[in-house]
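Residue numbers (my numbering), protein chains in the order written: chain A, 1 to 364; chain B, 1001 to 1364.
Protein chains: 2
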Amino acid sequence: MTAFPLPPGSTIGILGGGQLGRMLAMAAARLGFDCVILTPEIDSPASRVAAHTLVAAYDDRGALAELARRSQVITFEFENVPAAVVAELSRLGAEVAPPTRALAVSQDRLEEKSFLNSAGIGTVGFARVDSEADLKAAFQRFGPPLLLKTRQGGYDGKGQIWVEKADQSAAAFDALGRRPCIAETPAAFKREVAVIAARGRDGEIALYPLTESHHENGILRRTSAPAQGTPKLFADAEKIAATLLSALGYVGVLGLELFDLNDGRLLVNEFAPRVHNTGHWTLDGCEVDQFEQHIRAVAGWPLGPTAAHHHVEMTNLLGDEALTWAKLAREPETRIWLYGKRAPQPGRKMGHVNRLSPLQDGRG
Amino acid sequence: MTAFPLPPGSTIGILGGGQLGRMLAMAAARLGFDCVILTPEIDSPASRVAAHTLVAAYDDRGALAELARRSQVITFEFENVPAAVVAELSRLGAEVAPPTRALAVSQDRLEEKSFLNSAGIGTVGFARVDSEADLKAAFQRFGPPLLLKTRQGGYDGKGQIWVEKADQSAAAFDALGRRPCIAETPAAFKREVAVIAARGRDGEIALYPLTESHHENGILRRTSAPAQGTPKLFADAEKIAATLLSALGYVGVLGLELFDLNDGRLLVNEFAPRVHNTGHWTLDGCEVDQFEQHIRAVAGWPLGPTAAHHHVEMTNLLGDEALTWAKLAREPETRIWLYGKRAPQPGRKMGHVNRLSPLQDGRG
């Protein structure tokens, strides 16, 4: 059994070698922890700043055993960790955080929305779609249009399609491979907002200020943080985030994406049981960023402060936008984060910049 | 020939695997650089956050060749890099920054003070001491007491001794092993202050705010940043730092330690051609810290902003003080930096904390 809080010098295992693992490993190092990365990728972004790397498939039992042997706690940088991997780590007696329940719920969009509603948290209307007939029934219940999504997999706008009319049901269901789906009603939102939320092993909760998200082609483009808004909006967002963390018995950092509706209500779009792109602004806008906060939480440390000390405009560098580094380096207000990825494929997240300006007030 | 600015994806070689190398490697990673560490230590603090490590003696010619082959630029975390190593790297055609002249000057306390004076920068009075007779002559010239130091080596208060009377000359010179020495007059200072100074490849200069240093037993204990002081004091410090950087044709970050005299003058005590303990406060007090600034400079990037956004009290964690991490983690104003060293020997620098408070004004 692992005793918490973990002392410095302990090793934290991370499933995944991408930029989130990289920034987690750097935060862990600041606190005196070593990291061991499990990733199928040779020379991954995370492994280049970590003490140890195991290059293997995520379901490689030998690698998982080695990861469990080396690590006092294991966490992950992506939510689609296969259930079999989680089960194997549990069988090995490894401490895994965030809790596997949060993984299971967030991996299935139907389970996710059902869980949120059962916790008293509002979402758009939704229906289970296992067949063309289910989708037609959803049209009868909700009317058009509907957003059809696969229940599992898909990210950055992939695996989803808008269906305008009931008689397009068959074509839409075919287009998503006739996999188990969820149909969602549109949200009449004026903007998308997000909250980075953390919960410690003792139940302590720490919430970063609400932020405003701007997506393009289904990919987060820009975060403005802290967001403008009324005290009621901030209070509502904080209540939703705290309710969700407690309902999940969560440990770690969670990214929560919401719709700010025209009528003033907030609905949850989705959550990710991990550090999140909408929290990258905290690296330069807060004393303790989301990555250190996650390490603190999973290591059983007290959580750190979450107030903003700067207003931040976070912009993702997609594909060859990272090639503009020389121009960005000349901007005094711009902090640069590059992920060490070799190939700037179109749309690939190669880095981000945080552009700082003074806080106008406590909110941003 | 290396072309500057270095693009992200380039590799930066670092001589030395301690905490300064560790924090340099983390800063380099943020900007998308890989690092290769050359250190004789297995499992060094720096190597645990770096892409590559060569474990070898600093004068291992094979290791130096490999370092030169892998690195687009080579820097160092300590100033006592042997001249033979620098010569070998030059022979290999490697780009080394800061310039080797700064190394040579700073490695010899007599050369250092002579160089400073020749650049018009004030120091305490000093005399070359190669014999007991030289020390007696220094007493005749300056009067007692004198601080006798070995010209080379020694740090954190080692390799130096106060001599109260001329007739103690033989004993003092014996105590330092009859090595080449320098005798220095006392400085009537009210406090010790420091400046972290940076110069880019294009001659651009960036200076961090003046800080106040508190030593105990010859070891830096605490930095208060920015320091209180008059506009004249700040202007004098900035002029000295800029003069020194230009005189050295410097590239990189340099730590400059000064005496703030009772009569209002500033004298240089010494400088280190590297990132410096008196600059650790910048990690949490400035947008671009000294480590990123050094990487920017040696990579040929534009320098970043140096203004303080918080007042910081930096305190070194020496020996088993690092064992107080659990208490420190509960302090909301305290940012923790631990170096991943295994053995908390007495006096060993195991980490530091930056305690933040709001800036009272532009200065601190």
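From the three backbone atoms N, C-alpha and C, an ideal C-beta is built for every residue, glycine too.
Counted as a single uninterrupted DSSP element, the beta strand (DSSP E) harbouring B:His-1052 occupies residues 1052–1055. Every alpha helix (DSSP H) of 4 residues or more that sits fully in the stretch 1310–1351 of chain B is shown, in chain order, as 1325–1329. Per the DSSP secondary-structure output, A:Leu-266 pairs in a beta bridge with A:Asp-260.
Not one beta carbon of chain A lies nearer than 8 Å to the beta carbon of B:His-1280.
Under the 10 Å beta carbon count, B:His-1311 is surrounded by 16 or more other beta carbons and is classified as buried. The beta carbon of B:Gly-1347 sits closer than 8 Å to those of Asp-1156, Asn-1217, Ile-1219, Leu-1318 and Gly-1319, all from its chain and outside the five residues before and after it, given in chain order. Within the stretch 1142–1194 of chain B, the complete beta strand (DSSP E) runs of at least 3 residues fall at 1146–1150, 1160–1163 and 1181–1184. Proximity of A:Pro-186 to chain B, defined by a Cβ-Cβ separation below 8 Å, is not satisfied. Classified as exposed, B:Asp-1174 has fewer than 16 neighbouring CB atoms from the shown chains inside 10 Å of its CB. When the beta-carbon positions are compared, A:Leu-233 and A:Asp-263 stay at least 8 Å from each other.
Considering only A:Glu-111, A:Arg-109 and A:Ala-87, the residue with the shortest C-alpha distance to A:Thr-100 is A:Ala-87. By the neighbour-count criterion, in which 16 or more other beta carbons inside 10 Å mark a residue as buried, B:Ala-1046 falls on the buried side.
In its chain, beyond the 5 residues on either side, Gly-1319 have a beta carbon closer than 7 Å to the beta carbon of B:Gln-1345. Residue pairing by DSSP places A:Gly-252 opposite A:Arg-199 in a beta bridge. Residues of chain A whose Cβ lies closer than 9 Å to the Cβ of B:Asp-1284 are, in chain order, Glu-287. Below 8 Å, too few C-beta pairs join the stretch 322–336 of chain A and the stretch 1035–1043 of chain B to call them touching: fewer than three. The three-state secondary structure of B:Gly-1021, taken from DSSP, is helix. The DSSP-derived three-state label of A:Ser-357 is strand. For B:Phe-1126 against B:Glu-1184, the beta-carbon gap comes to about 5 Å, under 8 Å, which counts as contact. One thing to note: A:Leu-24 has its Cβ no nearer than 8 Å to the Cβ of A:Val-353. In the three-state reduction of the DSSP assignment, B:Phe-1078 falls in the coil class. Residues of the stretch 304–316 of chain A whose Cβ lies closer than 8 Å to any Cβ of chain B, in chain order: Gly-304, Pro-305, His-309 and His-310. Only exposed fits A:Asn-117, as fewer than 16 other CB atoms lie within 10 angstroms of its CB.
The Cβ-Cβ distance between B:Arg-1201 and B:Val-1251 falls below 8 Å. Taking B:Leu-1267 as the centre and dropping the five residues before and after it, the same chain places the C-beta of Gly-1122, Thr-1123, Val-1124, Ala-1187, Leu-1258, Phe-1259 and Leu-1261 closer than 7 Å to its C-beta, in chain order.
Nearest in C-alpha terms to A:Glu-313, of all of A:Ser-224, A:Gly-304 and A:Ala-329, is A:Ser-224. For B:Ser-1118, the enclosing alpha helix (DSSP H) begins and ends at 1109–1118.
The Cβ of A:Val-49 sits closer than 8 Å to at least one Cβ of chain B. In this model, B:Glu-1321 and B:Gly-1021 are separated by some 22 Å (Cα to Cα).
In this model, B:Phe-1142 and B:Pro-1180 are separated by some 19 Å (Cα to Cα). Cα atoms of A:Gln-160 and A:Glu-212: separation of roughly 23 Å, rounded to the nearest angstrom. Under the criterion of beta carbons closer than 8 Å, A:Leu-359 and A:Met-350 do not qualify as touching, at roughly 29 Å. One finds Arg-22, Met-26, Arg-48, Val-49 and Gly-340 in chain A with Cβ atoms closer than 8 Å to the Cβ of B:Ala-1029, taken in chain order. Classified as buried, A:Lys-149 has 16 or more neighbouring CB atoms from the shown chains inside 10 Å of its CB. Among the residues facing chain B, A:Arg-335 is included, as its CB has a counterpart in that chain under 8 Å away. In the three-state reduction of the DSSP assignment, A:His-294 falls in the helix class.
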